[in-house]
Amino acid sequence: MLIAALLILWIGNVTDIDLALADAMFDRARNVFPWQHAWLAERFNHELLKTALQLLGVTVVVVTLWDRFRPFRSWTMARRTGMQVLAWSAVLVPAVISLLKRFSTSHCPWDLQRYGGSEPYVRLLEMMPAGIPSGHCMPAGHASSALWLLAVAVFWLPARPRMAAAVGAIMLAFGFAVGWLQQLRGAHFLTHTLWSIWVAVLIVYLLYRILGARNRRAALA
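See below:
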């Protein structure tokens, strides 16, 4: 996790990868991000898909709460742990990322002078110039609506670690794709999405360790 964090910091603070990708997505002739209001990126990805994923998350939480008070007899300890991790992830991944955004000074690409906005481009570890309001744009909030699904991989742990890794990779790819469509709109830089992925991985890992250990102790009691 530390190496991944350092790599993301390097991408955002040393390289120009963020700017290069945003430049490629921006139409300077029209001074606009062509995908900003595209149906796939705005209506489907940012509205319909987000709503569907939120409803799925609510369903997972309700089912898990039901099991908490009226346990499903058919559920194994592994399935119960998986559902608990999934439910907590559905709540914590979006919530933590939303909280981090409140403390973020970073602006979204479409707010920057470089892309027709009014704000300067400031890297993560640089000080925001005096008088410039915080942008509250990092990590990528919309990607978090999908990244909690990384917890689906837990259902294959510890018995099938390779399958868990494969499912986890698919879920991360899905979350990245959701974030990528936001990047096409000019809503985020690459590193904004990468930080969301990093936070999601950390949360799911900690939840699995904590809840898995608790359920094992309960089974032995």
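Following this note's numbering, the numbering of the sequence shown begins with 16 at its first residue and continues without gaps.
Don't be surprised by glycine CBs; every beta carbon is placed ideally from N, CA and C.
Since the structure is predicted, the reported quantities are computational estimates derived from the model, not experimental observations.
Beta-carbon proximity list for residue i, same chain, < 8 Å, skipping 5 on both sides
i	result
phenylalanine 189	Ala161 and Leu164
alanine 180	Ala168
tyrosine 136	Leu34, His122, Leu127, Gln128 and Arg129
leucine 24	Leu139 and Leu140
serine 119	Ser149, Gly150, His151, Cys152, Met153 and Pro154
valine 75	Met98, Leu101, Ala102 and Ala105
arginine 94	Phe170
Residues of its chain near residue i, where Cβ-Cβ distance is below 6 Å and the 5 sequence neighbours each way are ignored
i	result
alanine 5	Outside the modelled stretch of the chain, which goes from 16 to 236, sits residue 5, for which no answer is possible.
serine 121	Gly150, Cys152 and Met153
aspartate 42	Pro49
glutamine 51	Arg200 and Gly201
threonine 208	Ala155, Ala158 and Gly194
phenylalanine 87	none
valine 219	Ser104, Leu165 and Ala166
Per DSSP, the bridge partner or partners of residue i
i	result
valine 47	Asp42
glutamate 250	This structure gives no information on residue 250, because the portion of the chain shown stretches from 16 to 236.
Supposed contact pair residue j and residue i - C-beta distance, whole angstroms, cut 8 Å
i	j	result
alanine 37	proline 124	5 Å
leucine 196	alanine 35	That pair is no contact at about 18 Å.
leucine 205	aspartate 33	5 Å
valine 193	leucine 64	7 Å
tyrosine 223	leucine 187	Contact flag wrong, Cβ pair sits at about 15 Å.
Residues near residue i by beta carbon distance below 7 Å, same chain, minus five either side
i	result
alanine 19	Trp213
leucine 217	Met16
glycine 132	Trp125 and Asp126
glycine 27	Asp33, Arg138, Leu139 and Thr206
tryptophan 90	Asp82
threonine 79	Met98, Gln99 and Ala102
phenylalanine 46	As written in the sequence, residue 46 is asparagine, which differs from the phenylalanine given in the question. If we look at asparagine 46 and ignore the five residues flanking it on each side, its Cβ neighbours are Gly131.
Test: residue i CB closer than 8 Å to a CB of chain C
i	result
threonine 206	In summary, chain C is missing from the structure at hand, where a single protein chain is found.
Item to check | Segment contact, 8 Å Cβ cut-off, at least three pairs: the region 142-156 with the region 111-125 | outcome: yes
Next on the checklist: Taking 8 Å as the cut-off, does the region 90-107 touch the region 223-235 (at least 3 CB pairs, one atom from each stretch)?
Outcome noted: yes
Checklist entry - Considering only residues of the region 165-206, which uninterrupted alpha helix (DSSP H) runs meet the minimum length of 4 residues and lie entirely inside it, listed in chain order? => result 176-200
Item to check | beta strand (DSSP E) runs wholly inside the region 67-107, at least 3 long, in chain order | outcome: none
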